[in-house]
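Take 1187 as the starting number for the sequence shown in the working numbering and just add one per residue.
All C-beta atoms in this analysis are idealised placements derived from N, C-alpha and C, irrespective of residue type, glycine included.
Given the structure is predicted, the values throughout are model-derived calculations rather than measurements.
Reviewing the structure listed below.
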Amino acid sequence: MRPLILVLASLITHIAWSQRALPGFSVKELSRGKNQVSWINPYPSCIQLAVQRSTDSINFRTIFSAQSPQLPSSGFLDNKPPAGKVYYRIFYVLKGGQWFFTEIKTTQSGPAEQQDDVTERVNLKEEGVIEKNIPAKPVDKPGKEQKENNTLITLYQRGVFWEMLSPAAYKKFRDSIIYKTRDSLSRLRPDAVNWKPFIPKPKEYVSVFNNDSLLAKIELGDFKKFRDSVQNRTKDTLYSINTFRAELKRFIPKPVWKPSVYVYTNTQGYLIIALPDAMQAHYRIVFQEMDGSTLFELKKITETELIFDKTNFLHAGWYQFELYKDGVLKEKNKFFLPRD
């Protein structure tokens, strides 16, 4: 009888050690739009623990990754659950690469879907010793092919845990990154990859000013074309103050004097005033020095042509005039009186 008892004890011990207890967890709706997920972790050797969420109990997505997965108990508050029924499960990884999923639970569990009492799960005083009878799944020593299939790829986004993917799912993800984006992937270890999304460089502009007034903002890459067009097609001058500022100086042509057809000097040096419609309109003319000071004024001109001798003016040289027709300035110009 004693040998039989020893055999049974050995068999029970073997079965207990060949089983892994899944972490107990519960889901509780605290208020509308806030769900609390609490769990008990039976394994101090846990190196990764993630909460996953789904709206159809099939397609799950990681929404939280514990910073200290080895803690015996913890929780997570889902502040933004989607509308309708929401499903949760916990994914965890042990040292050595073994990984597990818990059963699926929801905030709207019925009588057949009772929540776990997380206080009644496990209490590990010594690693590997399970004190309570809890749901467990056998873990056989995997063969090489099975181990490869069960090895998930841990995906980090800029060093922060993002998702766990099977080798097949990771291959599809990797191919889409390579062929459809400008993102980069770098291998951290055989079962971990860092994903670095491409961030386009912010556009840089050159501000073009004219006398402290902003004329335009031109992309840095297009500024050379703009500068060349200014140099080749205009007489303006463009100065680069620094990489991102330029000053545009407008070309101002020197004024070219055009003699008046109404007030001019003839070849003999006399001043001629020719107004063909002087009889029909009211003309007035004001003669000035070049500094704008008034010499004299003819308030009403009734002749179609008047001839003035140079003696009416104080000196030879340039004079300016203002010719008004019916009270409106018709022309402002100048004329030159030569010396005798």
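Residue 1346: which of 1444, 1253 and 1368 sits nearest, CA to CA? 1253
Excluding sequence positions up to five away, which residues of its chain have a Cβ less than 7 Å from the Cβ of residue 1517? 1446, 1448 and 1509
So the candidates are 1247, 1285, 1228 and 1283; which of them puts its Cα closest to the Cα of residue 1258? 1228
Identify, in the order they occur along the chain, each residue of the same chain with its Cβ nearer than 8 Å to the Cβ of residue 1372, setting aside the five sequence neighbours on each side. 1379, 1380 and 1382
Pairwise C-alpha distance: residue 1366 and residue 1261: 37 Å
Inside the stretch 1331 to 1417 only - alpha helix (DSSP H) runs reaching at least 4 residues: 1353 to 1366
Is the Cβ-Cβ distance between residue 1250 and residue 1269 less than 9 Å? no
Given a threshold of 16 other Cβ atoms within 10 Å of its Cβ, counted over all protein chains shown, does residue 1263 qualify as buried or as exposed? exposed
Compare the C-alpha of residue 1271 against each of 1287, 1409, 1401 and 1293 and name the closest. Among 1287, 1409, 1401 and 1293, the Cα nearest to that of residue 1271 is on 1293.
First and last residue of the beta strand (DSSP E) that includes residue 1443? Segment: none, residue 1443 is in no beta strand (DSSP E) and carries neither H nor E.
Closest Cα partner of residue 1232 within the set 1495, 1417, 1444 and 1284: 1284
Which runs of the beta strand (DSSP E) at least 3 residues long sit entirely within the stretch 1230 to 1261? Give them in chain order. Entirely contained in the stretch 1230 to 1261, the beta strand (DSSP E) runs reaching 3 residues are, in chain order, 1232 to 1240 and 1247 to 1251.
What's the call for residue 1216, buried or exposed, on a 16-neighbour Cβ count within 10 Å? So residue 1216 ends up on the exposed side.
From which residue to which residue does the beta strand (DSSP E) around residue 1511 run? 1503 to 1511
With 16 other Cβ atoms within 10 Å as the buried cut-off, status of residue 1255: buried
Pull up the distance between the alpha-carbon of residue 1387 and that of residue 1425, whole angstroms please. 26 Å
Bridge partners of residue 1282, per DSSP? Paired residues: none, contrary to the question.
Go ahead and label residue 1238 buried or exposed: buried means 16 or more other beta carbons lie within 10 angstroms of its beta carbon, across all protein chains shown. buried
Neighbourhood of residue 1481 by C-beta, 8 Å cutoff - its chain only, sequence neighbours within 5 removed: Taken in chain order, the residues that qualify are 1473, 1474, 1475, 1499, 1500 and 1505.
Tell me where the beta strand (DSSP E) around residue 1290 begins and ends. Note, residue 1290: premise wrong, no beta strand (DSSP E); not H, not E.
What are the boundary residues of the beta strand (DSSP E) that residue 1426 is part of? Element bounds for residue 1426: 1423 to 1428.
Please report the distance separating the alpha-carbon of residue 1288 from that of residue 1210. Answer to the nearest angstrom: the Cα atoms are 8 Å apart.
Using the Cα positions of residue 1490 and residue 1436, report the straight-line distance between them to the nearest angstrom. 43 Å
Please confirm if the stretch 1449 to 1468 is in contact with the stretch 1415 to 1423, defined as three or more CB-CB distances below 8 Å between the two stretches. No, they do not touch.
Residue 1495 versus 1523, 1515, 1340 and 1485, residue with shortest Cα-Cα distance: 1523
Less than 8 Å between C-beta atoms, sequence neighbours within five positions excluded: which residues of the same chain meet that for residue 1397? none
So what does DSSP say about residue 1453, is it helix, strand or coil? coil
Straight-line CA distance for residue 1323 to residue 1290? Residue confidence for residue 1323 is low, a pLDDT of 44 falling below 50, so the modelled location carries little weight and cannot support an answer.
Over what stretch of residues does the beta strand (DSSP E) that includes residue 1500 continue unbroken? No beta strand (DSSP E) holds residue 1500; DSSP gives it neither H nor E.
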